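J.: My questions will all concern the structure given below.
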Amino acid sequence: MPMEGGTFLRPSIIWCSDNKHPLANREFLCPYASVLEVPQSEVLGRIGYSLIVTAITQDPAFISDLLECGDIDRLNIGPISTMKISWDQPHEGNMFEFLYKRRSIDCA
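Here my numbering is used: the sequence shown runs in plain steps of one and ends on residue 112.
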């Protein structure tokens, strides 16, 4: 969207019919997400390594599985704003990133 000499990308959420869709596993430097319906029992086997995962769930068994998953660097449980910054958490500029392998967990 051009505006006064600048170009802005609008936030996009794309529903994908399956994981072979060309936009299913893409990242862009703009507000973007792709959505793919997957049975909960298959989620952790399909997402692979993830920098940040937000789980909107109250299922204690699924939360436990998420906590045990070593492929998630930052785990948000509940509706936590992506704009919330905690400098003591990995990937937000803290020196501990260079000294220790840490994992972040937030609960709403």
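For every residue, glycine included, the Cβ atom is placed at its ideal position computed from N, Cα and C.
Computed from a predicted model, the values in this text were never measured in an experiment.
1. Cβ of L55 within 8 Å of Cβ of D77?
2. Tell me the residue span of the alpha helix (DSSP H) that contains V4.
3. On the DSSP bridge assignment, give the partners of C20 in chain order.
4. Do the region 27-41 and the region 57-64 meet, that is, are 3 or more Cβ pairs less than 8 Å apart?
5. Could you tell me which residues DSSP pairs with A59 in its beta bridges?
6. Given this structure, state the Cα-to-Cα distance separating G74 from I84, to the nearest angstrom.
7. Since L79 contacts S45 with CB under 8 Å, what's their CB separation in whole angstroms?
8. For D110, I'd like the list of residues in its chain whose CB is within less than 7 Å of its CB, leaving aside the five on either flank, ordered along the chain.
9. What are the boundary residues of the beta strand (DSSP E) that D110 is part of?
T.: Based on what the coordinates show:
1. In this structure, D77 lies closer than 8 Å to L55 by Cβ.
2. Because the chain here runs from 5 to 112, residue 4 falls outside it and cannot be looked at.
3. Answer is L40.
4. Contact between the region 27-41 and the region 57-64 is not established, with fewer than three Cβ pairs separated by less than 8 Å.
5. Answer by DSSP bridge pairing, in chain order: I81.
6. About 21 Å.
7. About 18 Å separates the beta carbon of L79 from that of S45, a gap too long to meet the 8 Å contact definition.
8. Answer for D110: N80, I81, I84, listed in chain order.
9. 108-111 is the extent of the beta strand (DSSP E) around D110.
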